[in-house]
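Residue numbers (our numbering), protein chains in the order written: chain A, 1 to 239; chain B, 1 to 239. Ideal placement from N, C-alpha and C gives every residue a C-beta, glycine not left out. Here the structure is a predicted model, which is why all the values come from computation and not from measurement. Worksheet: one structure, shown below.
There are 2 protein chains.
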Amino acid sequence: MNGVQVQGYRESMPRSTLTREQILTAAISLLDAEGLEGLNMRALGQRLGSAATAVYWHVGSKDNLIALAGDQLWHEIALPAPDEVGWRTAATVMASDLYAMLTRHPWLLQAFGSLLMFGPGKARHDDHLLAIYETAGFAGPAADQAAAAVFTFVLGNALGTAATASLTRKLRREGSGDAEQAIGDAQAEAREIAAQFPRLRARLDTDGADYGAAPDNTFQLGLQAILDGLEALQRGPTR
Amino acid sequence: MNGVQVQGYRESMPRSTLTREQILTAAISLLDAEGLEGLNMRALGQRLGSAATAVYWHVGSKDNLIALAGDQLWHEIALPAPDEVGWRTAATVMASDLYAMLTRHPWLLQAFGSLLMFGPGKARHDDHLLAIYETAGFAGPAADQAAAAVFTFVLGNALGTAATASLTRKLRREGSGDAEQAIGDAQAEAREIAAQFPRLRARLDTDGADYGAAPDNTFQLGLQAILDGLEALQRGPTR
DNA sequence: CGGCGACTTGCACTGTGTTCAAGTGGAGAG
DNA sequence: CTCTCCACTTGAACACAGTGCAAGTCGCCG
């Protein structure tokens, strides 16, 4: 697993030089597949067909690499024009896109210290969000509040979804030999814990696999509820 | 900083043996102070006055240590009886406590893959949450939905708050020599980025330091709004 | 008093981020 | 055509973190 390091050429082309874009693309796909703690510079170098240390010339450090990769992700989110599709549709699309993006790249939530809330990609996203809620009629600080409420809702939902995914991946990695076995064990243990509490136990009996079965549905329902609330607030401001 | 390793005895008492509780307490306070990536076994051992490897006998692995420490945190949240204080108060208190707990221990959000959503501490918390929303009149799945909506809201809000705190701590650690300098630089950079987007720039001009100034206030406002919404939903179910 | 078992310790191995001095190849200048 | 320069790459090496291991050490029970 480590003694090889052939790391020789691939194809016949000597692959003149690395570019930052190549590196970010490779890093993101590696992060998606292996998670934040699955990324290491040597593996990244290998995937790029170059020495691990070559990456440093382009991105400076691993932290910076992650920051750059994270910022990149915000460009996956479309920016629908509210005066063409209506603010409500625009808001729904942006929230759903964000949720999908975070579900695709769960590591972003783990790296929030660096970049989830800062950087140009996020700024571009925020600015358009504000445009949408201003179109909806929210003025100044109210637009910020409305946007923040929806954003926060999406974040929390994605975090819940990502937690499960992350745990599964960790079990799959650590499960020596039989991964499905490890996952099954974990589920059994969770069931055992739940059995000690009356209301959770009741869920186990009735719902079975249905408990928390459709997070996407719950998300859409909740999102529409929040937008309903905002809309009502906007139409009849006080009381 | 590293050459010392005296790591000798402290006091005159030989401190007979470590206990798991001592270890968890020390680990939590270290995690609070230094963050998830600031915790390492040798430092923990030093703080405990014993060799780093002694910890392994009690907790098995670092991952497991973090899982145990994280689960511990749920006990910081009080479980008010809804039929004594009213469900609305109980719900508010539990949500606020959770928010405060996550703000005190931001690393828990980074470690969500292990334990944020699982383990006995969380189960105990969830069970009581369900009790509250069932008291409020939500039946079965509706109680789950209501509890999840509020929980998710708290999670998202805490994640936002924690992101800032985490970034600040990272800058403070990496800021070679002048930490305040590094923080100032980062703020200046954020301002520069915001200036490139019309609506964010407008916020910079008018709000100044007020932009995102009182996350706790925003949280309480949003929380009450959600509870209002739930209450309305509960009183007049459909339409 | 002798041993047994809970607990501790130092060493060493591995894997990972990062630095550094030494290349290397292609493009432009002469 | 050749020389030179510089953007870029490379391999070795260092520091540090997680952790397994074999050898203790200490107190208690028979």
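A straight line joining the alpha-carbon of B/E174 with that of A/A190 spans about 39 Å. Ranked by Cα distance from B/I23, the options B/A147, B/Q72, B/G38 are led by B/Q72. Leaving aside the five residues that flank A/A69 on each side, the residues in its chain whose CB is nearer than 7 Å to its CB run, in chain order, L24, A27, I28, L31. When Cβ-Cβ separations below 9 Å define contact, B/L130 makes contact with chain A. Under the 9 Å criterion on CB atoms, B/G222 is classed as interfacial with respect to chain A. Residues of the stretch 70-99 of chain A with a C-beta less than 7 Å from any C-beta of chain B: none at all.
At a beta-carbon threshold of 8 Å, the residues of chain A lying near B/N157 are T152, G156, ordered along the chain. DSSP, reduced to helix, strand and coil, places B/S50 outside both helices and strands of the structure shown, so it counts as coil.
Beta-carbon to beta-carbon, A/L223 and A/T103 are separated by about 14 Å, too far to satisfy the 8 Å threshold. Exclusion of the five residues before and after B/A78 leaves V93, D97 as the residues of its chain whose Cβ lies within less than 7 Å of its Cβ. The criterion of a C-beta distance shorter than 9 Å is satisfied by B/T135 and B/P82.
Counting only Cβ-Cβ distances below 8 Å, B/Q110 has contacts in chain A at Q110, F112, G113, in chain order. Any Cβ of chain B closer than 9 Å to the Cβ of A/I193 would place that residue at the interface, and such an atom is present. A distance below 7 Å between beta-carbons, with the five flanking residues on each side excluded, links A/R201 to the following residues of its chain, in chain order: A194, A195. Distance from the CA atom of B/E34 to the CA atom of B/I66, rounded to whole angstroms, is 14 Å.
Rounded to whole angstroms, B/T168 and B/L159 show a C-alpha spacing of 14 Å.
Distance between A/A111 and A/D63, taken at the CA atoms: about 10 Å. Flagged as an interface residue toward chain B: A/D126, by a C-beta distance shorter than 9 Å. Excluding the 5 residues flanking it on each side, A/S166 has same chain C-beta neighbours closer than 7 Å at G35, P106, in chain order. Relative to the Cα of A/A148, the nearest Cα in the group B/T218, B/M101, B/S50 belongs to B/T218.
Counting only runs of 4+ residues, the alpha helix (DSSP H) found wholly inside the stretch 178-213 of chain A occupies 179-194, 198-207, in chain order. The CB of A/Q145 comes closer than 9 Å to the CB of T218, L221, G222 in chain B, given here in chain order.
DSSP, reduced to helix, strand and coil, places A/I66 within a helical segment of the structure shown. A distance below 6 Å between beta-carbons, with the five flanking residues on each side excluded, links B/A146 to the following residues of its chain, in chain order: Y133, F138, L230.
The beta carbon of A/G45 sits closer than 8 Å to those of Q7, A51, A52, T53, A54, V55, all from its chain and outside the five residues before and after it, given in chain order. Of the residues B/E180, B/A225, B/H125, the one whose Cα lies closest to the Cα of B/H75 is B/H125. Taking 9 Å as the CB threshold, A/E34 stays off the interface with chain B. Cβ contact annotation for B/E180 (same chain, cutoff 8 Å, sequence separation greater than five): none.
Taken through DSSP and simplified to helix, strand or coil, B/M117 comes out as coil. What A/S166 touches in chain B, judged by beta-carbon distance under 7 Å, is F112, G113, going in chain order.
It is roughly 21 Å from the alpha-carbon of B/P80 to the alpha-carbon of B/L116. Listed along chain B are A190, I193, A194, Q196, F197, L200, each with a C-beta nearer than 9 Å to that of A/A123. The three-state secondary structure of B/F112, taken from DSSP, is coil.
Nearest neighbour of A/L227 by Cα position, chosen from A/L155, A/W87, A/G38, turns out to be A/W87.
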